[in-house]
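To start, the structure under review is shown below, and the notes come after it.
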Amino acid sequence: MWRSLQVTASALVFSAAVGVPVGTWLALTRFRGQRVLNALIYTGMGLPPVVVGLVVYLFLSNSGPLGNLAWLFTIKAMVVAQVIIATPLVVGVTMSSVRAVDPALRVQLRALGATRWQATVAALVEARFGVIVGLVAGFGSIISEVGAVMLVGGNIDGRTRVLTTAVVLETRRGNFDVALALGIILLTLSFAANLIMVMGQGKLAES
Amino acid sequence: MTSAPLYTLRDVRQVYGARTVLDIPALTVQRGEVLAVVGPSGAGKSTLLRLMALLEAPAQGEMLLHLNDERVTAETASIAQRRLLAMVFQRPALLSRNVRANVAYGLRLRGERNGQKRVEAALERVSLTHLANAHPRTLSGGEMQRVAVARALVLEPRVLLLDEPTANLDPYNVRLIESLIREQHTAHETTIILVTHNIFQARRLATRVVLLLEGALIEEGSAEEFFDSPRDPRTAAFLSGEFVY
Numbered sequence: 000m001w002r003s004l005q006v007t008a009s010a011l012v013f014s015a016a017v018g019v020p021v022g023t024w025l026a027l028t029r030f031r032g033q034r035v036l037n038a039l040i041y042t043g044m045g046l047p048p049v050v051v052g053l054v055v056y057l058f059l060s061n062s063g064p065l066g067n068l069a070w071l072f073t074i075k076a077m078v079v080a081q082v083i084i085a086t087p088l089v090v091g092v093t094m095s096s097v098r099a100v101d102p103a104l105r106v107q108l109r110a111l112g113a114t115r116w117q118a119t120v121a122a123l124v125e126a127r128f129g130v131i132v133g134l135v136a137g138f139g140s141i142i143s144e145v146g147a148v149m150l151v152g153g154n155i156d157g158r159t160r161v162l163t164t165a166v167v168l169e170t171r172r173g174n175f176d177v178a179l180a181l182g183i184i185l186l187t188l189s190f191a192a193n194l195i196m197v198m199g200q201g202k203l204a205e206s
Numbered sequence: 000m001t002s003a004p005l006y007t008l009r010d011v012r013q014v015y016g017a018r019t020v021l022d023i024p025a026l027t028v029q030r031g032e033v034l035a036v037v038g039p040s041g042a043g044k045s046t047l048l049r050l051m052a053l054l055e056a057p058a059q060g061e062m063l064l065h066l067n068d069e070r071v072t073a074e075t076a077s078i079a080q081r082r083l084l085a086m087v088f089q090r091p092a093l094l095s096r097n098v099r100a101n102v103a104y105g106l107r108l109r110g111e112r113n114g115q116k117r118v119e120a121a122l123e124r125v126s127l128t129h130l131a132n133a134h135p136r137t138l139s140g141g142e143m144q145r146v147a148v149a150r151a152l153v154l155e156p157r158v159l160l161l162d163e164p165t166a167n168l169d170p171y172n173v174r175l176i177e178s179l180i181r182e183q184h185t186a187h188e189t190t191i192i193l194v195t196h197n198i199f200q201a202r203r204l205a206t207r208v209v210l211l212l213e214g215a216l217i218e219e220g221s222a223e224e225f226f227d228s229p230r231d232p233r234t235a236a237f238l239s240g241e242f243v244y
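Top to bottom, those sequences are chains E and S. The numbering of the first sequence is numbering that gives the first Met the number 0, which starts it at 0 and goes up by one. The numbering of the second sequence is numbering that gives the first Met the number 0, which starts it at 0 and goes up by one.
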């Protein structure tokens, strides 16, 4: 259970650290080929996790280009796969919510003496609800992910077994009661995490 | 008052795509005046104001702003120099925070932590003290525009740029905002540049008036001259309301 949280938390932190700035930047700049990039990001939001797992597996396997990192069947490999799955979600949702902020607002803030940076931060703060939805979506995809973490983590007992992969294993063994209990724990964790994020959202709304 | 002009424009042209929206051979703005820029919509008034607010640079020509013995352009102005200006737009875009936070925003940008008194005074001036904790989406159009005026006035700008600040407002709000503009001018000698299509408003507020038509400067003169003895027949036509464009 703690491993589940550890993997989820680190993957979410990485996804947010990359996804929020990239999404904001994409929302506020215009360049050639942007539509194609948007389509790619939206595709990324629906990446089949097993395919991500397979590609990460191939890259990290002994004969793969990153094989000498020896990350395969470790937590690190699982986090890598999760970040690849969740980042497009965070980027895509951040991008569309920042884009929904009235463009006139940034101009008016500039005319009140905001630097470019300050006006961009203000736009991101305006888009805060959308950004949090993006993080919630990223969190949801990470904590519920099975296929990719099974492939690259190997579901090794005491090392890379997480709640979802444990549920798969216990179900196969016929230990339905254990599997069900694990499932309930997973749901409770997910609910608790979302509750914290929603509370944070409420706090932001008051400020 | 110093004799050095505040703005000097020379051969300024602004082009959007293939369209020339502004073409002004020469124009100066003096410190401490209330300059009204009038003309029908699409005349280039707002473009001129955006240039003066340093929000964009002209495609051709030169617009200089004289601040503290320095001459700056949209490209060279430092953030500290930009912060001597404040602009109010026709359609106010407010932050989704309460009214007080909106009024305080400009001061916070400037890192002024002890601005509460100024914020409260500004709210008082625009008669919004009772709505200080309200969210902008609950305000009427007139109240929103007063928030926008307050967030500019609280900065005590050297130059106040107003783009149709009372368009589409009811008479009560028009009068309130006009009296604030007048007060700001007499009390602080703030230079005010007011874009309006309303010649009555220009007449009530301006010390000098400029008429723009299709991006060209048609007439420029003191308020008296402009309204009482316009030189250009197009000015007379515009003033009498029979202007065709």
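Just so you know, even glycine gets a beta-carbon here, dropped at the ideal spot from N, CA and C. Since the model is a prediction, treat every value here as computed from it, not as a measurement.
Between the alpha carbons of Gly140 of chain S and Leu168 of chain S, how many angstroms are there, rounded?
7 Å
Review point. Can you check whether the CB of Gly214 of chain S is closer than 8 Å to the CB of Val20 of chain S?
Key: yes
Let me know the alpha helix (DSSP H) ranges lying completely inside the region 213-242 of chain S, each 4 residues or longer, listed in chain order.
Within the region 213-242 of chain S, the complete alpha helix (DSSP H) runs of at least 4 residues are 222-227 and 232-238.
When DSSP builds the beta bridges, which residues end up paired with Tyr6 of chain S? S:Val28 and S:Leu64
*Does DSSP put Glu55 of chain S in a helix, in a strand, or in coil?*
coil
**OP:** Identify, in the order they occur along the chain, each residue of the same chain with its Cβ nearer than 8 Å to the Cβ of Val151 of chain E, setting aside the five sequence neighbours on each side.
**Re:** These residues qualify, in order along the chain: Gly52, Val55, Tyr56, Leu59, Leu71, Phe72, Ala76, Met77, Val79 and Ala80.
Quiz item: Tell me, which residues are paired with Gln13 of chain S by DSSP?
Solution: S:Leu21
Assign Arg310 of chain S to one of three DSSP states: helix, strand, or coil. In this structure chain S extends from 0 to 244, so residue 310 of chain S is not present and cannot be described.
**Q.** Residues of the region 98-111 of chain E whose Cβ lies closer than 8 Å to any Cβ of chain S, in chain order
**A.** Of all residues in the region 98-111 of chain E, Asp101, Ala103, Leu104, Val106, Gln107, Leu108, Arg109, Ala110 and Leu111 have a Cβ within less than 8 Å of some Cβ in chain S.
Of the listed residues S:Asn101, S:Ala92 and S:Asp162, nearest to Leu50 of chain S (C-alpha basis):
Ranked by Cα distance from Leu50 of chain S, the options S:Asn101, S:Ala92 and S:Asp162 are led by S:Asp162.
(message) So for Glu142 of chain S, helix, strand or coil by DSSP?
(response) Helix, per DSSP.
- request: State the start and end residues of the unbroken alpha helix (DSSP H) segment that holds Arg70 of chain S.
  value: It is not in any alpha helix (DSSP H) - Arg70 of chain S instead sits in the beta strand (DSSP E) that spans Glu69 to Val71.
- Beta-carbon proximity check, Val112 of chain E vs Met44 of chain E, cutoff 8 Å: According to the sequence displayed, residue 112 of chain E carries Gly and not Val. Taking 8 Å as the Cβ cut-off, Gly112 of chain E and Met44 of chain E do not qualify as a contacting pair.
Please state the DSSP three-state secondary structure of Leu108 of chain E.
helix
Exercise for review: Compute the Euclidean distance between the alpha carbons of Met0 of chain S and Val98 of chain S, then round it to the nearest angstrom.
Suggested key: With a pLDDT of 46 at Met0 of chain S, under the threshold of 50, the modelled position of this residue cannot be trusted; read the value that follows with caution. The straight-line gap from Cα to Cα measures roughly 36 Å.
*Rounded Cβ spacing between Ala76 of chain S and Leu53 of chain S (contact assumed at less than 8 Å)*: 5 Å
**OP:** Classify Val158 of chain S as helix, strand or coil using the three-state DSSP reduction.
**Re:** Strand at Val158 of chain S.
Next item on the list: Compile a chain-ordered list of the residues in the region 183-200 of chain S whose CB is closer than 8 Å to at least one CB of chain E.
Entry: Taking 8 Å as the Cβ-Cβ cut-off, the region 183-200 of chain S has no residue approaching chain E.
- Message: So with CB distances below 8 Å, who are the chain E contacts of Ala52 of chain S?
- Response: Within 8 Å Cβ-Cβ: Ala110.
**Message:** Looking at Gln183 of chain S: is its Cβ nearer than 8 Å to the Cβ of Leu159 of chain S?
**Reply:** Contact: yes.
Within 8 Å, do at least three Cβ pairs link the region 169-176 of chain S to the region 2-13 of chain S? The answer is no - the region 169-176 of chain S does not touch the region 2-13 of chain S, with fewer than three Cβ pairs under 8 Å.
Rounded straight-line distance, which links the Cα of Glu55 of chain S to that of Thr7 of chain S = One Cα belongs to Thr7 of chain S, the other to Glu55 of chain S, and the distance between them is close to 16 Å.
- prompt: In whole angstroms, what is the alpha-carbon distance linking Pro164 of chain S and Ser95 of chain E?
  reply: Spanning the two alpha carbons is a distance of roughly 31 Å.
- Task: Please go through the same chain and pick out, in chain order, the residues whose beta-carbon is closer than 6 Å to the beta-carbon of Val14 of chain S, but skip the five residues on each side of it.
- Result: Excluding sequence neighbours, Val14 of chain S sits near Ala58.
Inset, instruction - Using alpha carbons as the reference points, say which of E:Gly182, E:Phe30 and E:Ala103 lies closest to Glu125 of chain E. - result: E:Ala103
Q: With DSSP collapsed to three states, give me the class of Leu84 of chain S.
A: strand
- When Cβ atoms are compared, which residues of the region 101-127 of chain S fall closer than 8 Å to chain E? Tyr104, Gly105, Leu108 and Arg109
Compute the beta-carbon to beta-carbon distance between Met198 of chain E and Leu134 of chain E, rounded to the nearest angstrom, for a pair I have assumed lies under 8 Å.
13 Å between Cβ atoms; not a contact.
**Test: Ser95 of chain S CB closer than 8 Å to a CB of chain E** = yes
key: Closer than 8 Å at the beta carbon, the chain E residues around Ile78 of chain S   = Gly112 and Thr114
*For Val208 of chain S, name the three-state secondary structure that DSSP assigns.*
strand
Quick one, are the C-beta atoms of Val161 of chain E and Val50 of chain E less than 8 Å apart?
no
Q) Between Leu154 of chain S and the rest of its own chain, which residues show a CB-CB distance below 8 Å, the 5 nearest in sequence each way excluded? A) Arg82, Ala85, Gly105, Leu106 and Arg109
Legend entry - Interface flag, Glu144 of chain E vs chain S, CB-CB below 8 Å: no
*asked:* By the three-class DSSP mapping on this structure, what secondary structure does Thr187 of chain E have?
replied: helix
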